[in-house]
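Undergrad: Each residue of the sequence shown is one higher than the one before, starting from 2 at the first, in our numbering.
Even glycine gets a Cβ: it sits at the ideal position worked out from N, Cα and C.
First the structure, which I've put down as structure tokens, then a few questions once you've had a look.
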Amino acid sequence: MRDIETPAIAPGAPASEADIAQVAAAIGDSSRAKVLLALSDGRVMPATALAAEAGVSPSTISGHLTRLREAKLLTVEHEGRHRYYRLASTDVAQALEELARIAQPLPVGSLRDSVRARALMRARLCYDHLAGRLGVALLAALVDGGVLGHADGGYQITEAGFGKLAAFGVDAAGFSRRRPAVRYCVDWAEQRHHLAGALGEAVTGRLFALDWLRRGRSRRVVTLSEAGETGLHEAFGLPRDWAGQETAAAGRH
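Right, dumping it as structure tokens:
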């Protein structure tokens with residue numbers, strides 16, 4: 002996991018306000034926004050694939066990627082002569098999620114767009130953790146089942162929760178202290194919390210390892226298998242009708 006790089010500050014130098022305009026300008030171009038959203042499921046992609054996602058030529062995408070790197074929103078990995086891009090950190094993904102909460106929905110221009118929009122609201126990845134109706138329902142189940150408790154305006158793993166998570170295959174006691182164990186994002190579609198932080202990443206990774214969670218046909222979309230439906234119900238009390246629960250932002254995508 003990479004943190005956003007920050008410029009060095011000389012000792013004793015006065016602090017200044019964050020340059021929000023610079024980051025906003027980098028995100029504000031529609032092609033660059035599409036690049037960031039394409040990478041918001043945590044995977045790496047080459048420039049050619051990102052050009053296709055953004056709907057621009059390979060020569061044009063180079064300038065966009067440079068701008069995003071200069072804004073510390075992307076990092077690049079080198080494998081031989083190939084370059085692969087990813088979001089610079091989970092903070093970037095969370096910022097995109099927050100922006101989506103206040104942004105106007107894009108018009109649905111086709112049946113394909115409509116199907117994809119519904120799938121994104123149902124279950125998707127927010128960088129390394131679950132989002133959408135499934136992510137919100139899972140966090141609620143963890144709280145209702147006593148795995149998580151409320152603390153200081155957020156959540157923390159309970160004593161009983163450590164045991165339940167260990168039985169599921171997640172060693173929460175072994176999380177690195179460099180990253181908060183439990184964080185949350187306010188889901189843009191549901192307008193409720195979904196689980197993030199080290200626990201969100203670990204639970205999502207475990208679901209993939211068990212083949213309970215699978216990547217969908219569209220980028221960021223995931224689906225819960227029948228085994229996953231049963232397994233999460235038995236492990237954490239996820240309601241079997243989680244997919245039928247009303248979204249607080251019906252019609253948004």
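(1) Please state the DSSP three-state secondary structure of R241.
(2) Per the DSSP calculation, Q157 is bridged to which residue(s)?
(3) Which class does M2 belong to by DSSP, given the choice of helix, strand or coil?
(4) Could you check whether T159 and G147 sit closer than 8 Å to each other, using their CB atoms as the reference points?
(5) With H, G and I counted as helix, E and B as strand and the rest as coil, what does DSSP make of R102?
(6) Would I62 be called buried (16 or more neighbouring beta carbons within 10 Å of its own) or exposed?
(7) Between the beta-carbon of A161 and the beta-carbon of L239, is there less than 8 Å?
(8) Can you tell me whether V187 is helix, strand or coil according to DSSP?
(9) I need the straight-line Cα distance from A26 to P59, nearest angstrom please.
(10) Is the distance from the Cβ of L225 to the Cβ of L214 below 8 Å?
(11) Please report the straight-line C-alpha distance between L139 and V204, rounded to a whole angstrom.
(12) What span of residues does the beta strand (DSSP E) with L131 cover, start to end?
(13) Can you confirm whether the region 221-236 touches the region 117-127 when touching is taken to mean that 3 or more C-beta pairs between the two stretches lie within less than 8 Å?
(14) Quick test of your reading: L75 and Y86, contact by CB under 8 Å. State the CB separation rounded to the nearest angstrom.
(15) With R68 as the anchor, note down where its alpha helix (DSSP H) starts and where it stops.
(16) Given this structure, state the Cα-to-Cα distance separating R216 from E227, to the nearest angstrom.
(17) Ordered along the chain, which non-local residues of its own chain (more than five positions away) have a Cβ less than 6 Å from that of R180?
(18) Of the choices L131, G164, G201, V171, whose alpha-carbon is the least far from that of Y1?
(19) Measuring CB atoms only, is the region 107-121 touching the region 40-58, in the sense that at least three cross pairs come out at less than 8 Å?
(20) To which residues does DSSP link V223 through a beta bridge?
(21) Please go through the same chain and pick out, in chain order, the residues whose beta-carbon is closer than 6 Å to the beta-carbon of S32, but skip the five residues on each side of it.
(22) For L107, does the three-state DSSP call read helix, strand or coil?
(23) Is the separation between the beta-carbon of R102 and that of V187 shorter than 8 Å?
(24) Can you tell which of D153, L88, H83 has its C-alpha closest to the C-alpha of I28?
(25) Does the distance from the CB of L131 to the CB of L196 come in under 8 Å?
(26) Can you tell me whether Q95 is buried or exposed, with buried defined as 16 or more other CB within 10 angstroms of its CB?
(27) On the three-state DSSP scale, how would you describe L74?
TA: Reading from the atomic positions:
(1) The DSSP-derived three-state label of R241 is coil.
(2) Answer is G150.
(3) Caution applies to M2, whose pLDDT of 36 falls short of 50 and renders its modelled position unreliable; the model cannot decide the point.
(4) Taking 8 Å as the cut-off, the Cβ atoms of G147 and T159 count as close.
(5) Of the three classes helix, strand and coil, the one that applies to R102 here is helix, per DSSP.
(6) Label assigned to I62: buried.
(7) A161 places its beta carbon 8 Å or farther from that of L239.
(8) In this structure, V187 counts as strand in the three-state DSSP scheme.
(9) Distance between the alpha carbons of A26 and P59: 21 Å.
(10) One thing to note: L225 has its Cβ within 8 Å of the Cβ of L214.
(11) Taking the straight line joining both Cα atoms gives about 10 Å.
(12) 130-132 is the extent of the beta strand (DSSP E) around L131.
(13) Judged by Cβ distances under 8 Å, the region 117-127 makes contact with the region 221-236, as three or more pairs qualify.
(14) Between L75 and Y86, the beta carbon gap of about 5 Å places them in contact (Cβ cut-off 8 Å).
(15) That run of the alpha helix (DSSP H) goes 59-71.
(16) The straight-line gap separating the alpha-carbon atoms of R216 and E227 is approximately 14 Å.
(17) A199, listed in sequence order.
(18) Residue coverage of the chain in this structure runs from 2 to 254, which leaves residue 1 outside it and unanswerable.
(19) Touching, no, given that fewer than three Cβ pairs across the two stretches are closer than 8 Å.
(20) In DSSP, V223 forms a bridge with R216.
(21) Excluding residues within five positions, the ones whose Cβ falls inside 6 Å are A55, V57, H65.
(22) Looking at L107 - three-state DSSP - the assignment turns out to be coil, as it is neither helix nor strand.
(23) The beta carbons of R102 and V187 sit closer together than 8 Å.
(24) Distances from the CA of I28 to each of D153, L88, H83 were compared; the closest alpha carbon is that of L88.
(25) Yes; because the gap between Cβ atoms is below 8 Å, this pair is in contact.
(26) The residue in question, Q95, is buried, as its Cβ has 16 or more Cβ neighbours within 10 Å.
(27) In this structure, L74 counts as coil in the three-state DSSP scheme.
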